[in-house]
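Below is one structure; the comments refer to it alone.
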Ligand code: SF4
């Protein structure tokens, strides 16, 4: 299994975490991982994509579960692929017991634990996840994400989204420590590479023992998505921070493995000292999600590309446009954007700042995007 090892002598002394037969932390070579965008219950498609990712060099492959059918499909998938399997519990931490026997790692998002069983404490839910993982020899990832930080941390850290993410991650480490569970890693992801660097540095200063999974979430389309990811990884890995990586790109299913080949290339470049000069990321910023099993219309990737092409004329303006693949996470993940689009089966929802503008057909939304962008630019030019 191909792995890269940039600057192993300078890596932080994190503890060892074991995910199936993959070692993370404690100086183990940095592993590259990726995620399937297929419906997990479509076992043929998911097994094929898992193999594609593994063949490209993914040491770990993540799949999502949304319901019991997905959970049941994992048993069959386990028998058909030979790679460390990770399951993303999303809001469905209650499926952990069903899926744990078939996977090597469970990822939970602390910001998604309050959606169900609201009377139960977060500490109690984390303890249960730790116990299930321990019983089935699974690792855990505490996956903190900028778009879904638990509300109490946002309230406690106004105007400091990085502080909110770090505080949340530290608290969850302590909950797992108290339960006596050590086989876990942490990730702190944002779509802004600068925030990814700051969050991971601040976390590593407080918990140098905990291995870190690095990623720039919703980095988007090529080539900008790769550039944003490189910027963050160069700055972190060269400082010894990071034990496993994922490159999150918006790609069609048959090119999903490029996340892995690009991840390895970034690691090789850092190892060889081939650093790109840090590009100026001011100006138009298009973020788009890497897609996953929740995408309801495969036209999403094409739409993201069309938005990029349509808006090229505005490259010098500081405007952020977010294009997301689903109706579950789309509304929240577009909150910080000037224009936000998220996809449903037949319609694309559009908002400008916090104002919802409506749902448009895939063939009509671009016209509205163009007119809203023109009006945003006019406003900015007036204020300049
Ligand atoms: Fe998946 Fe939706 Fe997140 Fe895109 S925004 S990666 S489709 S959950």
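Residue numbers (my numbering): 1 to 384.
All residues carry an ideal CB built from backbone N, CA and C; glycine is no exception.
Small disclaimer: the values here were computed from a predicted structure and weren't measured.
Rounded C-beta distance between residue i and residue j? I'm assuming under 8 Å.
| i | j | result |
| --- | --- | --- |
| residue 58 | residue 32 | 6 Å |
| residue 251 | residue 259 | 7 Å |
| residue 161 | residue 138 | No, residue 161 and residue 138 are not in contact; Cβ-Cβ is about 30 Å, not under 8 Å. |
| residue 315 | residue 284 | 5 Å |
| residue 246 | residue 215 | 4 Å |
| residue 325 | residue 295 | 4 Å |
| residue 385 | residue 224 | Since the first residue of the chain shown is 1 and the last is 384, residue 385 is not available in this structure. |
| residue 169 | residue 186 | 5 Å |
| residue 41 | residue 69 | 4 Å |
| residue 21 | residue 84 | 7 Å |
| residue 15 | residue 28 | Not really, about 11 Å apart at Cβ, beyond 8 Å. |
| residue 232 | residue 193 | 4 Å |
Is residue j closer than 8 Å to residue i when the C-beta atoms are compared?
| i | j | result |
| --- | --- | --- |
| residue 34 | residue 61 | yes |
| residue 122 | residue 129 | no |
| residue 392 | residue 38 | With the chain represented from 1 up to 384, any question about residue 392 goes unanswered, as that position is not in the structure. |
| residue 105 | residue 210 | no |
| residue 140 | residue 99 | no |
| residue 226 | residue 289 | no |
| residue 92 | residue 66 | yes |
| residue 373 | residue 339 | yes |
| residue 367 | residue 341 | no |
| residue 327 | residue 312 | no |
| residue 473 | residue 213 | Because the chain in this structure spans residues 1 to 384, residue 473 falls outside the shown range and cannot be described. |
| residue 257 | residue 53 | yes |
| residue 176 | residue 144 | no |
| residue 164 | residue 154 | yes |
| residue 181 | residue 220 | no |
| residue 337 | residue 347 | no |
| residue 319 | residue 307 | no |
Answer with buried or exposed for residue i, where buried requires no fewer than 16 other C-beta atoms within 10 angstroms of its C-beta.
| i | result |
| --- | --- |
| residue 300 | buried |
| residue 353 | exposed |
| residue 361 | exposed |
| residue 392 | This structure leaves residue 392 out entirely; the chain is present only between 1 and 384. |
| residue 172 | buried |
| residue 203 | buried |
| residue 149 | buried |
| residue 279 | Residue placement at residue 279 is flagged as unreliable, the pLDDT there being 49, under the threshold of 50; a coordinate-derived value is accordingly withheld. |
| residue 275 | exposed |
| residue 156 | exposed |
| residue 174 | exposed |
| residue 230 | buried |
| residue 355 | exposed |
| residue 291 | buried |
| residue 330 | buried |
Alpha carbon to alpha carbon, how far is residue i from residue j?
| i | j | result |
| --- | --- | --- |
| residue 236 | residue 201 | 7 Å |
| residue 317 | residue 126 | 43 Å |
| residue 107 | residue 381 | 44 Å |
| residue 370 | residue 351 | 13 Å |
| residue 242 | residue 377 | 39 Å |
| residue 190 | residue 86 | 21 Å |
| residue 116 | residue 271 | 44 Å |
| residue 23 | residue 89 | 22 Å |
| residue 55 | residue 255 | 13 Å |
| residue 228 | residue 81 | 31 Å |
| residue 375 | residue 12 | 48 Å |
| residue 293 | residue 253 | 11 Å |
| residue 305 | residue 110 | 32 Å |
| residue 36 | residue 297 | 16 Å |
| residue 389 | residue 159 | Because the chain here runs from 1 to 384, residue 389 falls outside it and cannot be looked at. |
| residue 386 | residue 379 | Residue 386 lies beyond the residue range present for the chain, which begins at 1 and ends at 384; the question has no answer from this structure. |
| residue 385 | residue 269 | Nothing about residue 385 can be reported from this structure: the residues present for the chain run from 1 to 384 only. |
| residue 97 | residue 309 | 45 Å |
| residue 10 | residue 265 | 20 Å |
| residue 118 | residue 124 | 11 Å |
| residue 206 | residue 48 | 40 Å |
| residue 44 | residue 79 | 12 Å |
| residue 179 | residue 120 | 17 Å |
| residue 72 | residue 151 | 32 Å |
| residue 363 | residue 335 | 24 Å |
| residue 273 | residue 234 | 10 Å |
| residue 218 | residue 198 | 17 Å |
| residue 136 | residue 357 | 47 Å |
Notebook entry, point to check: What are the uninterrupted segments assigned as alpha helix (DSSP H) that are 4 or more residues long and contained completely in the segment 219 to 286, given in chain order?
Noted result: 224 to 237, 258 to 271
Notebook entry, point to check: What beta strand (DSSP E) runs, 3 residues minimum, are completely inside the segment 96 to 161?
Noted result: 105 to 108, 139 to 145
Check: Can you list, in chain order, the stretches of the alpha helix (DSSP H) that have 4 or more residues and sit fully within the segment 290 to 335?
Finding: 299 to 310, 330 to 333
Checklist line | beta strand (DSSP E) runs contained entirely in the segment 15 to 39, provided each spans 3 or more residues | finding: 17 to 19, 22 to 24, 31 to 35
Next item on the list: Just list the beta strand (DSSP E) runs in the segment 167 to 214, keeping only unbroken ones of 3 residues or longer that don't cross its boundaries, in chain order.
Entry: 184 to 189
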